[in-house]
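Heads up: the sequence shown begins at 7 in my numbering, then just goes up one per residue. For every residue, glycine included, the Cβ atom is placed at its ideal position computed from N, Cα and C.
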Amino acid sequence: MVIKQSIFEIFSEENTSGVAYKNKSFKRAIINHLDQTGNTTITDLAQELNISVPKITSLINELITDGLVQDDGKEDSKGGGRKANLYGLVADSAFFLGVDVKHYYINIGLLDFKKNLVKQEMHVPYLLVNTKEAFDQLVKIIQTFIANLPEEHRNILALCLNLSGRINSENGYSYSFFHFHEEPLSATIEKITGIRTFLENDSRAMAYGEFHNGLVREEKNVLFVNMDYGIGLGIMIDGQIYRGKSGFGGEFGHIPLFANEIICHCGKKGCLETEASGQALIRLFREKIEQGSSSALMQKNKLPEKLQLTDIIQAAKNEDVLCIELIAEIGEKIGRGISVLINIFNPELVILGGILAETGDYIRLPIRSALNKYSLSLVNNDTQLHMSKLQEKAGVIGGCLIARDKLLSVK
7 MVIKQSIFEI
17 FSEENTSGVA
27 YKNKSFKRAI
37 INHLDQTGNT
47 TITDLAQELN
57 ISVPKITSLI
67 NELITDGLVQ
77 DDGKEDSKGG
87 GRKANLYGLV
97 ADSAFFLGVD
107 VKHYYINIGL
117 LDFKKNLVKQ
127 EMHVPYLLVN
137 TKEAFDQLVK
147 IIQTFIANLP
157 EEHRNILALC
167 LNLSGRINSE
177 NGYSYSFFHF
187 HEEPLSATIE
197 KITGIRTFLE
207 NDSRAMAYGE
217 FHNGLVREEK
227 NVLFVNMDYG
237 IGLGIMIDGQ
247 IYRGKSGFGG
257 EFGHIPLFAN
267 EIICHCGKKG
277 CLETEASGQA
287 LIRLFREKIE
297 QGSSSALMQK
307 NKLPEKLQLT
317 DIIQAAKNED
327 VLCIELIAEI
337 GEKIGRGISV
347 LINIFNPELV
357 ILGGILAETG
367 DYIRLPIRSA
377 LNKYSLSLVN
387 NDTQLHMSKL
397 QEKAGVIGGC
407 LIARDKLLSV
417 K
């Protein structure tokens with residue numbers, strides 16, 4: 007496709023030198039400026055980018071021919087003089103795919119060039135296990151989603167796959183799931199789909215979405231806590247996502263906070279996740295039932311064979327006392343862990359996301375109480391605590407934005 011090739015050429019350093027390289031650099035600057043500011047005039051672009059008006063005019067015309075920029079009509083004139091034309095990005099000139107893999111389902115969505123979520127499929131049934139069959143099913147779900155898109159939405163330039171566990175987003179390797187080949191997982195998926203592919207840790211992708219399209223406004227130091235079957239963390243420091251040296255930063259769930267003999271799935275003992283996570287909540291619930299406690303989830307004196315986290319969450323919403331009490335217990339322990347983070351990072355804002363955040367105040371209030379109890383008052387007294395604005399869409403939007411930002415960045 008002409009548009010696809012054009013944008014790849016603009017954001018590529020290959021086979022370019024001299025005037026051609028300079029023109030590509032100018033076009034990148036124009037696109038990035040329009041991305042940040044929205045519609046603007048030729049004159050404003052020339053002033054902001056320190057490029058002559060004739061040159062800007064020529065470049066804008068080329069970008070219009072490429073299908074990436076459009077004339078959005080006249081601006082409102084404040085002085086009653088001649089109105090200038092406004093130019094902006096073409097929303098449907100390019101699309102980006104976000105694939106957010108959960109424990110029992112997949113959320114997948116499509117973002118246009120102007121960052122609008124134009125298509126989404128939530129809770130597509132799926133079981134995340136480290137097998138070739140699960141990998142093949144994942145690829146099939148992606149391909150089916152693309153095949154069902156209207157023709158005008160299939161100009162997908164890049165996709166980002168969010169997975170839990172250890173992910174190196176720089177080289178595209180997954181060390182927890184689907185590491186069947188010597189090549190990076192991102193390269194394997196790229197070969198199958200024909201779409202430029204990036205990989206990201208699920209918690210960091212959710213944080214990315216929330217930081218760039220959710221609650222965060224002026225804050226520069228923010229923590230996003232993903233409360234799911236495990237516990238993940240996304241970190242923003244001075245307005246930038248922190249990944250760590252090898253991309254493994256944010257393994258919050260594996261802080262050895264408890265002196266217990268429970269073996270975490272990471273192989274260690276005493277991790278935060280062993281007593282403060284969705285997986286721990288299911289275990290504690292089963293133990294309470296075995297000890298004689300009752301719950302609305304009991305069916306003919308038996309628990310469902312495949313008890314899931316969503317079952318307990320829904321029961322809590324329906325005012326099941328046992329579920330509410332256990333969620334509060336989990337929340338208090340998560341709060342202890344977050345207290346450690348607050349003492350270390352002194353963030354402006356802590357955002358609670360993930361499936362457990364769906365319980366609202368049932369988990370937020372115990373967390374808030376624990377923060378007051380365990381973190382230093384001088385450090386936490388101006389730290390805000392909020393629930394995720396994007397909720398289930400955080401990972402999808404974050405994945406789309408990561409794919410978009412990585413593709414449009416030039417190393």
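Residue i (DSSP reduced to helix, strand or coil)
i: Lys308; result: strand
i: Tyr181; result: coil
i: Lys89; result: coil
i: Gln320; result: helix
i: Gly79; result: strand
i: Cys406; result: helix
i: Gly94; result: strand
i: Gln390; result: strand
i: Tyr111; result: strand
i: Val130; result: strand
i: Val124; result: strand
i: Gly359; result: strand
i: Gln149; result: helix
i: Asp234; result: coil
i: Leu117; result: strand
i: Asp136; result: Looking at the sequence shown, residue 136 is not Asp but Asn. Asn136 falls in the coil class under three-state DSSP.
i: Leu414; result: coil
i: Gln314; result: coil
i: Glu398; result: coil
i: Glu15; result: helix
i: Val364; result: One detail in the question is off: residue 364 reads as Glu in this sequence, not Val. Glu364 falls in the helix class under three-state DSSP.
Whole-number beta carbon distance between residue j and residue i, since they are thought to touch under 8 Å
i: Ser170; j: Asp208; result: 5 Å
i: Glu157; j: Asp98; result: Contact doesn't hold; Cβ gap of about 11 Å is too wide.
i: Tyr93; j: Asn45; result: 7 Å
i: Lys80; j: Asn67; result: Contact doesn't hold; Cβ gap of about 18 Å is too wide.
i: Asn219; j: Leu358; result: Contact flag wrong, Cβ pair sits at about 17 Å.
i: Tyr111; j: Val130; result: 6 Å
i: Glu206; j: Ser175; result: 5 Å
i: Ser301; j: Leu263; result: Contact flag wrong, Cβ pair sits at about 27 Å.
i: Val222; j: Asn168; result: Wrong, their Cβ atoms sit about 19 Å apart, outside the cutoff.
i: Glu354; j: Thr389; result: 7 Å
i: Leu278; j: Gly259; result: 5 Å
i: Met233; j: Leu362; result: 4 Å
i: Ile62; j: Leu51; result: 5 Å
Residue interval of the alpha helix (DSSP H) (run including residue i)
i: Gly24; result: 24-43
i: Val346; result: 327-351
i: Asp50; result: 48-55
i: Pro430; result: Residue 430 cannot be examined here, being either before or after the span of the chain that is shown, 7 to 417.
i: Ser64; result: 59-72
i: Leu377; result: 367-380
Boundaries of the beta strand (DSSP E) in which residue i is found, first to last residue
i: Gly238; result: 237-243
i: Phe101; result: 101-107
With contact counted as at least three CB pairs below 8 Å, one residue from each stretch, are the stretch 397-413 and the stretch 110-127 in contact?
yes
Does the stretch 272-288 come into contact with the stretch 304-321, if we say contact requires no fewer than three beta-carbon pairs (one atom in each stretch) closer than 8 Å?
yes
Which complete beta strand (DSSP E) runs does the stretch 160-231 hold, if anything under 3 residues is left out?
162-169, 202-207
Would you check if the stretch 55-74 and the stretch 125-134 touch, i.e. whether three or more CB-CB distances between them fall below 8 Å?
no
Along the chain, which unbroken stretches of the beta strand (DSSP E) at least 3 residues long are found entirely within the stretch 238-303?
246-248
For the pair the stretch 368-379 and the stretch 339-348, tell me if three or more CB-CB distances fall below 8 Å.
yes
Taking three-plus beta-carbon pairs below 8 Å as touching, is the stretch 175-185 in contact with the stretch 236-248?
no
Any 3 or more C-beta pairs closer than 8 Å across the stretch 358-371 and the stretch 332-343:
yes
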